[in-house]
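Visitor:
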Amino acid sequence: AATEPYESWARFDRQSAEYKAAKEEAAEPLWRALEAVVPDIRERSDMVTIGTPLTHERYNRRHKGTYGPAGATREGDLAGFGNGATPVDGLWQVGDS
């Protein structure tokens, strides 16, 4: 949900039941993908937080909930961020700047 267009979420009051329901709905495809590998993942989860562009706007102070490395507007802007590889095979570093 956090990578969806801001405009899709801007109409919500963050405290509303409608917003909570929309977050749950947006998270459902991820839950299903996880359940394909770990069938009882929901029961194993001690804490679940669902982010949206409104979350990023509020807690990360990102304009309209933007997401991704700072300055990623031109080819070459990400030089110095590395390629995301780690010494662990199949494990990649990802996320915001």
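So the mapping is simple: my numbering equals the position in the sequence shown, first residue as 1, plus 11.
Where a beta carbon is used, it is the ideal one built from N, C-alpha and C, also for glycine.
Computed from a predicted model, the values in this text were never measured in an experiment.
1) Does Pro64 pass the burial test, meaning 16 or more other C-beta atoms within 10 Å, or should it be called exposed?
2) Using the C-alpha atoms, what's the distance from Thr77 back to Tyr70?
3) How is the alpha helix (DSSP H) around Ser19 delimited, first residue to last?
4) Rounded to whole angstroms, what is the Cα-Cα separation between Glu35 and Arg73?
5) What first and last residue would you give for the alpha helix (DSSP H) that runs through Arg55?
6) Beta-carbon within less than 7 Å of Glu29's beta-carbon, same chain only, minus the 5 sequence neighbours each way: which residues are those?
Guide: If we stick to the structure as given:
1) Within the sequence shown, numbered from 1, the residue matching residue 64 stands at position 53. Buried is the call here.
2) Position 59 of the sequence shown, counted from the first residue, corresponds to residue 70. Position 66 of the sequence shown, counted from the first residue, corresponds to residue 77. Taking the straight line joining both Cα atoms gives about 12 Å.
3) Position 8 of the sequence shown, counting from 1, holds the residue named residue 19. Looking at the DSSP string, the run of the alpha helix (DSSP H) that includes Ser19 is Tyr17 to Trp20.
4) Position 24 of the sequence shown holds residue 35. Position 62 of the sequence shown holds residue 73. Whole-angstrom Cα-Cα distance: 22 Å.
5) In the sequence shown, the residue the question calls residue 55 occupies position 44. Ile52 to Arg55 is the span of the alpha helix (DSSP H), which, as asked, contains Arg55.
6) The sequence position of residue 29 within the sequence shown is 18, counting from 1. Same-chain partners within the cutoff: Phe23.
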